[in-house]
Amino acid sequence: MVGIVSAVFNVAVCIGVPLGAFLVLLRRRSGWRVFLLGMAGFFVSQLCVRQPLLALLGQVDAYRLFAAGNPVGQLLFLSVTAGLAEESARLVIFRLLARRGRVQHGTPVWYGLGHGGLEAALVGVNSLVLLVIFPELLQRAGWAVALGGMERISAQMVQVALSLFVFCGLRRKRWFVAAILLHTLCNFMTVVTLFGVSDLMLEVLLFAFAAVVLYAAIKLWKGEDFHEKNLA
Numbered sequence: 016m017v018g019i020v021s022a023v024f025n026v027a028v029c030i031g032v033p034l035g036a037f038l039v040l041l042r043r044r045s046g047w048r049v050f051l052l053g054m055a056g057f058f059v060s061q062l063c064v065r066q067p068l069l070a071l072l073g074q075v076d077a078y079r080l081f082a083a084g085n086p087v088g089q090l091l092f093l094s095v096t097a098g099l100a101e102e103s104a105r106l107v108i109f110r111l112l113a114r115r116g117r118v119q120h121g122t123p124v125w126y127g128l129g130h131g132g133l134e135a136a137l138v139g140v141n142s143l144v145l146l147v148i149f150p151e152l153l154q155r156a157g158w159a160v161a162l163g164g165m166e167r168i169s170a171q172m173v174q175v176a177l178s179l180f181v182f183c184g185l186r187r188k189r190w191f192v193a194a195i196l197l198h199t200l201c202n203f204m205t206v207v208t209l210f211g212v213s214d215l216m217l218e219v220l221l222f223a224f225a226a227v228v229l230y231a232a233i234k235l236w237k238g239e240d241f242h243e244k245n246l247a
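If you're matching positions, the sequence shown starts at 16 in the working numbering and goes up one per residue.
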């Protein structure tokens with residue numbers, strides 16, 4: 016029963032929250048297009064560019080040997096490429112919006128919700144499939160199933176924070192670089208599980224990291240001047 020409840024929690028967090036956010040923006044007639052651009056940014060940067068390139072790289076013998084013999088190095092490589100791909104997509108879309116005069120103060124928040132929302136939805140679909148087709152597997156897994164939802168909460172916080180950093184990077188490039196480094200660090204934090212740290216403790220660390228980064232990003236964002244003439 017605990018596993019079933021945990022899966023329902025995952026679905027609520029990973030699908031319900033992004034869908035709810037989109038419906039709120041749609042009802043207010045503000046930000047929903049940027050939300051969809053956030054989804055597109057994740058889709059293109061990850062599913063159309065990074066993942067296919069990694070699949071091709073996986074066919075190279077030298078890379079396979081490197082990955083098999085150096086899991087820490089491989090994780091670092093994957094973390095760096097994720098940061099480069101996703102933050103570059105953010106920067107390109109924000110620049111296009113700025114040049115067309117479509118920038119508002121809430122633009123990075125709406126984008127981050129869409130970007131992280133699609134990423135979360137892909138995780139939520141897995142839980143939904145298990146919930147409908149293989150509930151017995153969930154029952155055996157117990158509360159550990161909820162870790163996926165916990166991770167998505169932290170990830171969504173980070174995605175909004177990174178969007179704020181990249182948005183500020185339209186004026187000062189160092190914040191764009193900071194976003195890449197923070198994204199890399201966030202992904203690379205999973206390395207601790209290779210050294211005996213439990214999955215639950217990892218989620219605690221990720222949440223703490225997300226909270227600190229989001230706080231710093233909001234503080235930075237509130238102090239910036241986002242008139243289009245300063246961004247284009």
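Ideal Cβ positions, reconstructed from N, Cα and C, are used throughout, including at glycine.
Extent of the continuous alpha helix (DSSP H) run through residue i
i	result
N202	K188 to F203
S213	Looking at the DSSP string, S213 is not in any alpha helix (DSSP H), and its letter there is neither H nor E.
S82	For the sequence presented, residue 82 should be read as Ala rather than Ser. Per DSSP, A82 belongs to the alpha helix (DSSP H) from D76 to G84.
As assigned by DSSP and simplified to three states, the class of residue i
i	result
G98	helix
L220	helix
L185	coil
E239	coil
M165	helix
M172	helix
A232	helix
K244	Its pLDDT being 49, under 50, K244 is placed unreliably by the model, and nothing is read from it.
V160	helix
Contact check, residue i vs residue j, beta carbons under 8 Å
i	j	result
V207	L217	yes
L200	F180	no
G132	L52	no
P123	W236	yes
L91	L162	no
V192	L229	no
M172	A225	yes
N25	L93	no
A83	E134	no
A232	L145	no
L177	A194	yes
Cutoff 8 Å: residue i Cβ touching any chain C Cβ
i	result
A161	Absent from the structure: chain C. Only one protein chain is present.
Any chance you could list the beta strand (DSSP E) runs of at least 3 consecutive residues sitting entirely within the stretch 23-74, in chain order?
-> none
In the stretch 86-150, which residue ranges form an unbroken alpha helix (DSSP H) of at least 4 residues, counting only runs that do not cross its ends?
-> 86-114 and 122-148
Taking three-plus beta-carbon pairs below 8 Å as touching, is the stretch 97-104 in contact with the stretch 135-151?
-> no
Is the stretch 30-38 touching the stretch 104-122 in the sense that three or more CB pairs, one from each, lie closer than 8 Å?
-> no
Say whether the stretch 68-86 touches the stretch 158-174, bearing in mind that this needs 3 or more beta-carbon pairs closer than 8 Å, one atom from each stretch.
-> no
Are at least three pairs of beta-carbons, each pair with one atom in the stretch 34-47 and one in the stretch 183-190, less than 8 Å apart?
-> no
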